[in-house]
Amino acid sequence: MDGISVLSTSAATLLLKIVLNVVCDPEEPKFRRLKVENPALKKGLWSDPGGVKTILQLGFILEPSGEAYTLPPGVILDHDLVSRITTLAECNPPTHNPPMSPAPSQPTETSFGMTLEERAARTADIARRKAEAELEKQRTSAQAKRDQEERRANEHIKASTAKPLGEGKFVKL
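In my numbering, the protein residues as written are 730 to 902.
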């Protein structure tokens with residue numbers, strides 16, 4: 730069983746913030762390092778049954794000192810895993826506070842002409858698409874960086890250029 734299967738909605742919401750920070754600014758080291766002693770992470774992620782397992786699935790590694798989980802440079806987050814986290818964070822109600830069904834006097838439609846369920850599904854779809862776009866941006870950026878490094882490594886190789894030989898003379902043998 731993977732970590733997301735047992736991840737609570739509140740932990741998924743916190744994890745989604747972490748993932749989006751990494752996706753939006755992949756080179757920022759502070760977003761790639763999660764301290765074990767961080768109070769918000771202790772309460773929201775480390776205490777959750779699927780928290781550590783999901784962090785490891787994303788590619789974070791526990792530092793030898795044991796004081797933080799680090800996402801190594803160049804690790805690209807798994808698209809399917811991020812989509813599942815997004816869906817869990819955006820769609821599922823908290824397990825400790827189940828939603829109440831609307832009273833008969835309460836409208837079930839929002840001001841946009843959609844039911845509350847349709848609105849929640851649309852919001853989750855938008856969040857999923859944003860996460861997908863950010864992941865694609867991260868992949869493209871990583872590929873551009875690799876291409877740039879490859880060009881730098883091959884700078885010493887010069888392309889040959891054709892030079893005019895001037896007017897030639899034919900010699901009869």
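Every residue gets a Cβ at the ideal spot worked out from N, C-alpha and C, and that includes glycine.
Contact between Thr815 and Arg857 holds: their C-beta atoms lie close to 5 Å from each other, under 8 Å.
Here Arg762 is bridged, per DSSP, to Thr799. With a contact defined as Cβ atoms closer than 8 Å, Gln877 and Pro755 miss out at about 15 Å. When secondary structure is reduced to three states using DSSP, Leu806 falls in the coil class, being assigned neither helix nor strand. The beta carbons of Gly780 and Ala818 sit about 13 Å from each other, so the pair does not count as a contact at 8 Å. One thing to note: Val748 has its Cβ no nearer than 7 Å to the Cβ of Pro778. Only exposed fits Ile855, as fewer than 16 other CB atoms lie within 10 angstroms of its CB. The criterion of a C-beta distance shorter than 7 Å is satisfied by Leu743 and Gly773. In this structure, the beta-carbon distance from Glu796 to Val765 falls below 7 Å.
Ile790 carries a strand assignment under DSSP once its states are collapsed to helix, strand and coil.
Listed in chain order, the non-local C-beta contacts of Ser870 below 8 Å within the same chain comprise Pro755, local neighbours out to five positions each way being set aside. The straight-line gap separating the alpha-carbon atoms of Leu785 and Arg881 is approximately 33 Å. For the set Leu806, Thr738, Arg875, the Cα lying nearest the Cα of Glu863 is the one of Leu806.
At a Cβ-Cβ threshold of 7 Å, Glu792 and Thr799 count as neighbours.
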